[in-house]
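Numbering-wise (numbering that gives the first Met the number 0), the sequence shown opens with residue 0 and increments by one.
Worksheet for the structure shown next.
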Amino acid sequence: MNVPITQYPIPKNESQRLRAVRSYEILDTLPEVDFDTLLRVALHAFNAPAGVIGLMDTDRLWFKSQIGIGLPQLDRQIAFCTHAIMRPGELLVVEDLLNDLRFERNPLVTHVPNLRFYAGAPLIERNGYALGTIAVVDTQPRTFNESQRAALRDLSILVITALESRHRANLLGHLAMTDHLTGLANRAQFERTLLSEIAYARRTGEPFTVFYMDLDNFKGVNDTLGHAAGDEVLCVVAQRLTDQVRAEDLLARLGGDEFGIFMRPSVENSAESLAKRVIDVVSAPIILSTGDKVSVGISIGIATYTDAIDSMATLMAQADQALYEDKRKNGD
């Protein structure tokens, strides 16, 4: 599909607007019933054959919900919603697209689906940024009265409410899976990942490795300098460990001074090489905010998934036994 000759308009606050869109973590997600229901209500209310709930990304209008369009997204240059987000406080209603200089050469108008009518309400988040639109279209010119305009505004508010609810639920879910002190994944997230990866490994035969780690001499820090110092040590160790793992690995604080790593070893990054790096970085002295200098070590238990392992409990028991042996070797 050819795009129009003219360049599309861009809001003055485009960088902030894009950050707002992405903060909802919704782009390229699967359809969800809340948004599909709202769009069906809109089409029924306006007796329209097609419509979208769309989020405006850098160069595309991505559809969280679409009916009668048959596409997952549109090039931003040809999306009518590109113009709708320019005036967040107003609806964009074009009763005959063919008689509007902005759209008369638009391929959506001049070629299939030969659209002639558009009504879109910007989706305005709490800071006033237009995330996208809820819009209805038709292949025939039509009028759109004040009552219909008010209804479309109301529907845009309901879409924003659904977006906010989804965002809050995601945040709460993230918090439930995050260690509040270090910001790492917590035990619940670690165990959820292991269950998923065990199921995957059973299907594919692809192995993975688990580290079960415990700090050495940590109790001495708490006993001599207090729990605030201990918390600071945990945060420093967490950051040092984070610097050693890859994006595809999972690092978690399992509780107290215990940490875990899920990894898939490779030639470039074997379990042994990672273990050596972990020992080296954790053992380096730590200068606390109080000026105190402390040193801790780390013991590591390593277990690799094989077909002989029947459950997560068995895998973690192997890692725990390996950790116990390492701690005994370290004299802790």
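Here a beta-carbon is modelled for each residue, glycine too, at the ideal position from N, C-alpha and C.
Just so you know, these numbers come straight off a predicted model, no measurement behind them.
Straight-line Cα distance separating Leu171 from Arg263: Arg263 and Leu171 have their C-alpha atoms some 29 Å from each other.
Residue from Leu193, Leu114, Gly88, Phe102 with nearest C-alpha to Asp153: Considering only alpha carbons, the answer is Gly88.
Local conformation of Leu91 per DSSP, three classes: It is a strand residue.
Rounded separation between Pro3 and Glu124 - CA only: Its pLDDT being 41, under 50, Pro3 is placed unreliably by the model, and nothing is read from it.
Contact the segment 90-103 vs the segment 11-26: 3+ CB pairs below 8 Å: Two segments are said to touch when three or more pairs of C-beta atoms, one from each, lie closer than 8 Å; by this definition the segment 90-103 does not touch the segment 11-26.
Reduced DSSP secondary structure (H/G/I, E/B, other) of Gly219: Of the three classes helix, strand and coil, the one that applies to Gly219 here is helix, per DSSP.
Contacts around Trp61, its chain only, beta-carbon distance under 6 Å, and the 5 residues preceding and following it disregarded: Closer than 6 Å at the Cβ level, and outside the excluded window around Trp61, lie Leu26, Leu54, Gln72.
Cutoff 7 Å; reference Asp325; Cβ partners in own chain excluding five residues on either side: The answer, listed in chain order, is Ser298, Ile299, Gly300.
Residue burial classification, Gln238 (beta-carbon count within 10 angstroms, cutoff 16): Around the Cβ of Gln238, a 10 Å sphere holds fewer than 16 other Cβ atoms; the residue is exposed.
Counterpart residues of Ile52 in DSSP-defined beta bridges: Bridge partners of Ile52 according to DSSP: Ser64, Ile133.
Local conformation of Pro71 per DSSP, three classes: If DSSP states are grouped into helix, strand and coil, Pro71 belongs with coil.
Buried or exposed (CB count within 10 angstroms, at least 16 for buried), Asn105: Residue environment: Asn105 is assigned as buried (16 or more neighbouring CB atoms within 10 Å of its CB, all protein chains considered).
Candidates Ala274, Thr289, Ser288: closest to Ser282 by CA position: Nearest in C-alpha terms to Ser282, of all of Ala274, Thr289, Ser288, is Ala274.
Own chain residues within Cβ distance below 6 Å of Glu247, not counting five before or after: Within the same chain, no Cβ atom closer than 6 Å to the Cβ of Glu247 is found once the five residues on either side in sequence are excluded.
Nearest-angstrom Cα separation, counted from His43 out to Ser146: So the alpha carbons of these two residues sit roughly 15 Å apart.
Where Val111 sits in the DSSP three-state scheme: DSSP places Val111 outside both helix and strand once states are collapsed to three, so it counts as coil.
Per DSSP, cross-strand counterpart(s) of Ser294: The partner list for Ser294 (beta bridge, DSSP) is empty, contrary to what the question assumes.
Cutoff 7 Å; reference Arg190; Cβ partners in own chain excluding five residues on either side: In the sequence on display, residue 190 carries Glu and not Arg. Cβ within range, chain order: Met311.
Beta-bridge pairing of Thr289 - partner residues as DSSP gives them: Thr289 is not bridged to any residue.
Member of Val295, Ala200, Glu271 whose CA lies at the smallest distance from the CA of Asp306: Of the candidates Val295, Ala200, Glu271, the one whose C-alpha sits nearest the C-alpha of Asp306 is Ala200.
Stretch pair the segment 276-295 + the segment 176-188: three plus CB contacts closer than 8 Å: Flag = no, the segment 276-295 and the segment 176-188 do not touch.
As assigned by DSSP and simplified to three states, the class of Met85: The three-state reading of DSSP puts Met85 in coil, since its state is none of H, G, I, E or B.
Buried versus exposed call for Thr5 [16 or more other C-beta atoms within 10 Å across all chains shown]: Bear in mind that a pLDDT of 49 at Thr5, under 50, signals an unreliable position, so the number given afterwards is only what the model happens to contain. Burial call: exposed.
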